[in-house]
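Inspection log for the structure reproduced underneath, given as structure tokens.
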Amino acid sequence: MSVLDMQGVGEPQNGRDAQEDTLLTSHRFATRLAELSGSGKIDQLIVDTLAQVAKADQASLALFEEREGFMAIAATRGYLAELVSDVRVKAGEGLMGDVLSSHVPKIVADVSEEPSVARRRIRYRTPSCMLVPLIAAGRLLAVLNLADRADGQAFSHSDLGRLRAFVAPATLALLAGRLAKEKADLAKLVATDPLTGLFNRRHFAARLEEEIARASREGSNLTVLAVDVDLFKSVNDRFGHAAGDAVLQAVSLVIRRAIRFFDLCARMGGDEFMIVLHGTEANALQTAERLRKRVDSWQPDPSLGLPADMKITVSIGLASLSRDAPDAQELLARADRALYAAKVAGRNRLNIEQ
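Residue numbers (the working numbering): -13 to 340.
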């Protein structure tokens, strides 16, 4: 359902009145797009508004997923989106694929005369449709599909002309959303370990400084856990690096499930992980023991190609923040010393650095 009152747009009017009405409404459309930026509602607003402008009873917006090389329906009007949720269209496939390839709008009077339309269009009342690419700086972002003009007539170049004032702000809104997502994806890529999806060493170091500053400011407790997979080298030596990677991924998943969603955890490199927990040292001990037990009881997935009786354990060193010397490097060094002591004592255990 459109959030804009499109009454009057596209109605027969005197030239100047029609132009002024279109400009005013397209401005309101652009303003509404800006208001909804980042809300996830832009796709639907575009479909609803442009369908009203073109007087189309059915419409959809297909976004081009550049990395995957196909288009997928993001929003619909006149029918349920679930009906086309699995549709994937590549360049050259059907009418939409033709527009993806050519970057040129397509107005079809009768789809039955189109060789690229393979099956009967049961869902539609009329044979005419119009497809409009949304392009920014030569980059195709989406294709708008319009069908079933309300008056039963075929779509025309006049319909396409009325859309132009609305296609521009719609395209800019999609581009802004795409760039914001790419920026977020890049930030995540820079901050995370590609194998486990946990934060990497660099991001962890910056975040640890922030967490220490917060704990010092609030007078709260903070504990660091240094976690190391016991005898990990033997896994690589016996079963290969692919098996070793599978073990690291499994351990990282256990870590995620053992801690709270707001706790900080990272893969520091190799088979070593670091976790930052706010709260009392007693609570940190409980979390560490829960993590140790879950890894100890882990059983490999047969699809990983690992022996069913394969045993993995971890050693964990704990160090709590010193109120007298809240230093990140010293805190990490103390956690590492506690970890080393746990390994020397026999592995698969906890040790607290006093």
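Backbone N, C-alpha and C fix where the C-beta goes; we use that ideal spot for every residue, glycine too.
Just so we're clear, the structure is a prediction, and the values are computed from it rather than from any experiment.
>> Our contact map puts valine 33 next to phenylalanine 56 with C-beta atoms below 8 Å; I'd like the distance itself, whole angstroms only.
In response: Residue 33 sits at position 47 when you count from the first residue of the sequence shown. Residue 56 sits at position 70 when you count from the first residue of the sequence shown. Valine 33 to phenylalanine 56, Cβ: 19 Å. No contact.
>> How far does the alpha helix (DSSP H) with leucine 69 in it extend, from its first residue to its last?
In response: For the purposes of this step, residue 69 is identified with residue 83 of the sequence shown, where counting begins at 1. According to the DSSP assignment, leucine 69 belongs to no alpha helix (DSSP H), since it is labelled neither H nor E.
>> Here's the rule: buried if 16 or more other CB atoms are within 10 angstroms of the residue's CB, otherwise exposed. What is aspartate 295?
In response: As a working mapping, residue 295 is identified with position 309 in the sequence shown. Exposed: under 16 other Cβ atoms inside 10 Å.
>> My output table needs one value for arginine 193: the three-state DSSP class, helix, strand or coil.
In response: Position 207 of the sequence shown, counted from the start, is the residue given in the question as residue 193. Of the three classes helix, strand and coil, the one that applies to arginine 193 here is helix, per DSSP.
> Under a Cβ-count criterion, where at least 16 other Cβ atoms within 10 Å of its own Cβ denotes burial, should aspartate 220 be classed as buried or exposed?
Replying inline: Here the question's residue 220 lines up with position 234 in the sequence shown. Note that residue 220 is serine in the sequence shown, not aspartate. Burial is judged here by how many other beta carbons sit within 10 angstroms of a residue's own beta carbon; serine 220 has fewer than 16 and is exposed.
> Is it true that the CB of leucine 208 sits closer than 8 Å to the CB of serine 306?
Replying inline: On the sequence shown, position 320 is the one that residue 306 refers to. On the sequence shown, position 222 is the one that residue 208 refers to. Yes, these two residues count as a Cβ contact at 8 Å.
> Can the beta-carbon of serine 238 be found less than 8 Å from the beta-carbon of threonine 273?
Replying inline: Position 252 of the sequence shown, counted from the start, is the residue given in the question as residue 238. Position 287 of the sequence shown, counted from the start, is the residue given in the question as residue 273. Not a contact, by the Cβ cut-off of 8 Å.
> Taking Cβ positions, are threonine 35 and phenylalanine 152 nearer each other than 8 Å?
Replying inline: Position 49 of the sequence shown holds residue 35. Position 166 of the sequence shown holds residue 152. Threonine 35 places its beta carbon less than 8 Å from that of phenylalanine 152.
> What are the partner residues of isoleucine 338, as DSSP defines its beta bridges?
Replying inline: Here the question's residue 338 lines up with position 352 in the sequence shown. BP columns for isoleucine 338 point to Leu304.
> Where does the unbroken alpha helix (DSSP H) through leucine 81 begin, and where does it stop?
Replying inline: On the sequence shown, position 95 is the one that residue 81 refers to. Segment 80 to 88, the alpha helix (DSSP H) holding leucine 81.
>> Less than 8 Å between the C-beta atoms of alanine 60 and alanine 48, yes or no?
In response: Translated into the one-based positions of the sequence shown, residue 60 becomes position 74. Translated into the one-based positions of the sequence shown, residue 48 becomes position 62. Against a cut-off of 8 Å, the Cβ pair of alanine 48 and alanine 60 comes out as a contact.
> In its own chain, which residues sit with a C-beta less than 7 Å from the C-beta of glutamate 89, not counting the 5 before and 5 after it?
Replying inline: Residue numbering aside, residue 89 sits at position 103 when the sequence shown is read from its first letter. Before going further, note that residue 89 is histidine rather than glutamate in the sequence given. Cβ-Cβ distances below 7 Å link histidine 89 to Pro119, Ile121, Leu126 in the same chain, with the five nearest sequence neighbours on each side left out; the list follows chain order.
> Are three or more beta carbon pairs between the stretch 247 to 256 and the stretch 198 to 206 nearer than 8 Å?
Replying inline: Contact between the stretch 247 to 256 and the stretch 198 to 206 is absent, because fewer than three Cβ pairs lie under 8 Å.
>> Would aspartate 134 and arginine 111 qualify as a contact pair, given that the criterion is a beta-carbon distance under 8 Å?
In response: Walking along the sequence shown from the start, residue 134 turns up at place 148. Walking along the sequence shown from the start, residue 111 turns up at place 125. Yes; because the gap between Cβ atoms is below 8 Å, this pair is in contact.
> Are the stretch 10 to 26 and the stretch 155 to 167 touching, with three or more C-beta to C-beta distances below 8 Å?
Replying inline: Result yes; three or more Cβ-Cβ pairs closer than 8 Å.
> Would you report the Cα separation of aspartate 7 and lysine 27, rounded to the nearest angstrom?
Replying inline: To locate residue 7, count along the sequence shown from 1; it is residue 21. To locate residue 27, count along the sequence shown from 1; it is residue 41. Their backbone Cα atoms lie some 25 Å apart in a straight line.
> How about alanine 45 and glutamate 51: are their beta carbons less than 8 Å apart?
Replying inline: Locating residue 45 in the sequence shown gives position 59, where the first residue counts as 1. Locating residue 51 in the sequence shown gives position 65, where the first residue counts as 1. No, these two residues do not count as a Cβ contact at 8 Å.
> Can you tell which of Val330, Asn334, Leu146, Arg224 has its C-alpha closest to the C-alpha of arginine 280?
Replying inline: To locate residue 280, count along the sequence shown from 1; it is residue 294. Shortest Cα-Cα distance from arginine 280 to any of Val330, Asn334, Leu146, Arg224 involves Asn334.
> If you count every other CB in all the chains shown that lies within 10 Å of the CB of threonine 11, and 16 or more means buried, which is it?
Replying inline: Translated into the one-based positions of the sequence shown, residue 11 becomes position 25. That one is buried.
> For the beta strand (DSSP E) that glycine 255 lies in, which residues bound it at each end?
Replying inline: On the sequence shown, residue 255 is found 269 positions in, with the first residue counted as 1. That run of the beta strand (DSSP E) goes 250 to 255.
> By a C-beta neighbour count over all protein chains shown, 10 Å radius and 16 as the cutoff for buried, is glycine 163 buried or exposed?
Replying inline: Locating residue 163 in the sequence shown gives position 177, counting from the first residue. Glycine 163 is buried by the Cβ-count criterion.
> aspartate 179 to methionine 260, Cα distance in whole Å?
Replying inline: Position 193 of the sequence shown, counted from the first residue, corresponds to residue 179. Position 274 of the sequence shown, counted from the first residue, corresponds to residue 260. So the two alpha carbons sit approximately 13 Å from each other.
> Nearest to proline 113 by CA position, among Pro101, Ala244, Ala95, is which residue?
Replying inline: Position 127 of the sequence shown, counted from the start, is the residue given in the question as residue 113. With distances taken between Cα atoms, proline 113 lies closest to Ala95.
>> By the DSSP assignment, the beta strand (DSSP E) with leucine 290 in it spans what residues?
In response: Within the sequence shown, residue 290 is the residue found at index 304, counting from 1. Per DSSP, leucine 290 is not a residue of any beta strand (DSSP E), being assigned neither H nor E.
> Just how far apart, CA to CA, sit glycine 80 and histidine 227?
Replying inline: Along the sequence shown, read from residue 1 onward, the residue named residue 80 stands at position 94. Along the sequence shown, read from residue 1 onward, the residue named residue 227 stands at position 241. Looking at the two C-alpha atoms, the distance is approximately 44 Å.
> What does a CB cutoff of less than 7 Å around serine 37 pick up in its chain, not counting 5 residues either side in sequence?
Replying inline: Position 51 of the sequence shown, counted from the start, is the residue given in the question as residue 37. First, the amino acid is wrong: residue 37 is alanine here, not serine. The beta carbon of alanine 37 lies closer than 7 Å to those of Ala45, Arg63, Leu132 in the same chain, with the five residues before and after it left out.
>> According to DSSP, arginine 125 sits in a beta bridge with which residue or residues?
In response: Here residue 125 is taken as the residue at index 139 of the sequence shown, counted from 1. Answer by DSSP bridge pairing, in chain order: Ala122.
> Got a sec? Which residues, its chain only, sit under 7 Å from aspartate 231 by beta carbon, not counting five neighbours each side?
Replying inline: Position 245 of the sequence shown, counting from 1, holds the residue named residue 231. Same-chain partners within the cutoff: Leu181.
> Beta carbon of serine 144, beta carbon of isoleucine 93: below 8 Å?
Replying inline: Position 158 of the sequence shown, counted from the first residue, corresponds to residue 144. Position 107 of the sequence shown, counted from the first residue, corresponds to residue 93. The answer is no: Cβ separation not under 8 Å.
>> Applying the 10 Å Cβ sphere with the 16-neighbour rule, what's the burial state of arginine 243?
In response: Here residue 243 refers to the residue found at position 257 of the sequence shown. Counting Cβ neighbours within 10 Å, arginine 243 comes out exposed, since fewer than 16 surround it.
> Whose C-alpha, out of Glu68, Ala166, Ser71, is nearest the C-alpha of alanine 24?
Replying inline: For this step, residue 24 is matched to residue 38 along the sequence shown. The sequence given here places glycine at residue 24; alanine does not occur at that position. Looking from the CA of glycine 24, the closest CA among Glu68, Ala166, Ser71 belongs to Ala166.
> In angstroms, rounded to a whole number, what distance separates the CA positions of alanine 192 and phenylalanine 185?
Replying inline: The residue given as residue 192 occupies position 206 in the sequence shown. The residue given as residue 185 occupies position 199 in the sequence shown. Their Cα atoms are separated by approximately 11 Å.
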